[in-house]
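Residue 807 in the numbering used here is what sits at position 39 of the sequence shown, and the numbering runs on without skipping anything.
I have placed the structure first, in the form of structure tokens, so that the comments after it can refer back to it.
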Amino acid sequence: MTCKICKFGGTSISNDERCQYALNIVKKMSHTSKVVVVISAMGRKGDPYATDTLSELGNAYLSEQEKARLLSMGELVSSISFCAKLREMGLNAYALSFRESGIISDDNYECANVIKLDNSEISKLLEAYDILIVCGFVAMNGLGEITTLGRGGSDYTTVLVAKMLEINEVEIYTDVDGIYDSDPKKNIHAKRYQEITYHHMLSLRCRVLHDQCVEYARKNKIRIHLKGTFSNEDGTIVS
């Protein structure tokens, strides 16, 4: 059976109503293939488990290692919560631990550099489960300590997992239905691109996709299909 990789941002899973759209998308995918879901922390600043909210629980007295552990909790909670909902729907799902994800980094706890991808655990788990949920944004160093991949790191996680599993396309779901030539919330005449090059995407300097994700996808020839979680539009392909 084939395997698909998708990612949901924090606004797509910020409450039960929104999360149900994401769950339905994953359920539909699982009818024809294995699915690996990369998940972000739920919501935005002010929401209980959002990364910015967790950051405010710490202070300057925390070490970088402790801060990384604190910030990783948002993705951990999201992944387990999402897995529980999938199982309630009767789906064979499993939420990976940080160690099982296989993304190995250096010792930069706040914005880690990835040095190795180990697909041994995730490959075994794909044989046993139909759906795997991976915490975005989080890696492990050589000592097994938690590191983080920087702001927007869940996008980066998605293409790293694709590279790990030798899959050449990912679907990234957000609260917008594609990439536009200007902000559609401010310009009603904004044009949505059906397809855009990696280089053009990087030149737009928009925040829809993390630059590190796009650059890694370009180097490794991974197509990114950006779609709206709550939309039936075709979205935008970055290739």
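For glycine and all other residues, C-beta sits at the position ideal for the given N, C-alpha and C.
- For a cut-off of 8 Å, the C-beta gap from SER782 to GLY826 is around 22 Å, too long to register as a contact.
- When only Cα atoms are considered, HIS957 and ALA828 end up about 45 Å apart.
- In the same chain as TYR862, and ignoring 5 residues on each side of it, the C-beta atoms closer than 8 Å to its own belong to CYS851, LEU893, ALA896, TYR897, ILE899, LEU900, ILE901, in chain order.
- If you draw a 10 Å sphere on the C-beta of ILE793, you find 16 or more other C-beta atoms in it, and that means buried.
- Taken through DSSP and simplified to helix, strand or coil, LYS953 comes out as coil.
- For ARG960, the pairing in a beta bridge is given by DSSP as TYR948.
- Under the three-state reduction of DSSP, HIS967 is assigned to helix.
- Annotation: MET932 to PHE866 spans about 15 Å, alpha carbon to alpha carbon.
- In the DSSP assignment, TYR924 falls within the unbroken alpha helix (DSSP H) covering 921-932.
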